[in-house]
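K.L.:
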Amino acid sequence: MVQEIWQLDGRRTRSVSAENPTGEPGAGGRAISGTGAFAAAGLGRGWKVSPSIDLAPGETATLADLSGPGVIRHLWLTTDRTVLRDFTLQMYWDGAAEPAIAVPLGDFFCSGWPEPALVNSQMVVVAPAGGLNSYWPMPFGSHALITLHNGASHTAPVYYQITYLEEDVPADAGRLHARWRCSDPLGAPAVHPIVEIGGGPGRYVGTYLAIEPRAPGWWGEGELKFYLDDDTDFPTICGTGTEDYFGGAWNFDLGGSYVRYSTPYLGLPQVEPPNRIYEPQQRFGMYRWHIPDPVCFEHSLRATVQALGWRDDGHYRPLEHAHVATTALWYQLVP
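Using my numbering, the letters of the sequence shown map in sequence onto residues 131 to 465.
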């Protein structure tokens, strides 16, 4: 629901963090123990006593446990940048037993490889030096639960702040969903299943793709395909190439090097290492947000991406050894 910023409509702002775990009015900055207690010694209560949490290996922390109705408007988080794919972000809406969102932390923020990419988009911003920001609106009716699991081998600090508005949520408001899938190696045929969704109606709103081609030369001839509702063998939406889907062209190659970019709705923010081209072990991360152009479906959607390069004889080369990981985002009424 779009509302003008100047419209005074009675909505109330709340925010949860390590300094106010419940988000209740007047409950912030009251801690007398926490990760900042030593630094705050002599200053007293209210002086950054609990700015973060320490998350141990195998531990799952509850970041937010909210009563609704409401809409989460901003999520900021930072932690050890080397373990972004070892942490799992999960979100549950309205008492559901299974999470609607279950994604490695880095991939949710367009940073699937160990070093975070700088992203300047409408829905996700990654700022120096590892500030992870989400502006995906996340409506919920009766309840929202957000957790973070540490699958790494060491304890890491977690700083976070989740801001939401207490407001009415329309009956036709979809809940945000996200799923991560990884093919490593991809295998034959060289087609990666991005997502399969049942129980619409819904709107597919975003794709993040991380790929390591593991073959020399250009790697992005593969098409993204969206099979809508009653589609069977052939899709309704069929792209013309991987770089084309993410808004680029001609191999992302400008003068013999990849050119990184980050725009409101699409980008190639991650190329590792950045100063080489067409090498098999390079790693790439790219995103596309379907905000002006959502992929709407009535009862089901299936999305896939091919991994294709070139052979020396001018034929396509399926990249069966590639590492391909995707995060799919969509809004849906039924979990």
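C-beta: ideal position from N, C-alpha, C; glycine also.
Bear in mind that the values here come from a model prediction, so they are computed numbers and not experimental data.
1. My understanding is that residue 444 touches residue 295, with C-beta atoms under 8 Å, so please give their C-beta distance in whole angstroms.
2. Please report the residue range of the alpha helix (DSSP H) in which residue 236 lies.
3. Using the Cα positions of residue 154 and residue 229, report the straight-line distance between them to the nearest angstrom.
4. For a minimum of 3 consecutive residues, which ranges assigned as the beta strand (DSSP E) are wholly contained in the segment 183-264?
5. With a CB to CB cut of under 6 Å and the five nearest residues on each side skipped, what residues in its chain are close to residue 142?
6. On the DSSP letters alone, give me the boundaries of the alpha helix (DSSP H) that residue 372 sits inside.
7. Please determine whether the Cβ atom of residue 408 lies at a distance below 8 Å from any heavy atom of the ligand ADP.
8. Taking the alpha-carbon positions, what's the residue 183 to residue 148 distance?
9. Would you list the one or two residues that DSSP bridges to residue 425?
10. Grab me the residues of residue 131's own chain with a C-beta within less than 6 Å of its C-beta, minus the 5 sequence neighbours each way, in chain order.
11. From residue 151 to residue 213, what distance separates their C-alpha atoms?
12. Going by DSSP, name the residue or residues bridged to residue 179.
13. Does the segment 159-173 touch the segment 250-258, meaning 3 or more C-beta pairs lie closer than 8 Å?
14. Are the beta-carbon atoms belonging to residue 340 and residue 458 less than 9 Å from one another?
15. Give the C-beta separation of residue 211 and residue 326 to the nearest angstrom, bearing in mind that I take them to be a contact with Cβ-Cβ under 8 Å.
16. So who's on the other strand from residue 356, going by DSSP bridges?
P.N.:
On the basis of the supplied data:
1. Contact doesn't hold; Cβ gap of about 56 Å is too wide.
2. 235-238
3. 24 Å
4. 183-185, 190-197, 200-208, 217-223, 231-234, 254-257, 261-264
5. 296
6. 372-375
7. Here there are no bound small molecules, and the ligand ADP is not part of this structure.
8. 7 Å
9. 334
10. The predicted model places residue 131 with a pLDDT of 44, which falls under 50 and marks its position as unreliable, so this point remains unresolved.
11. 24 Å
12. Residue 179 is not bridged to any residue.
13. no
14. no
15. So it is not a contact: roughly 32 Å between Cβ atoms.
16. 367, 433
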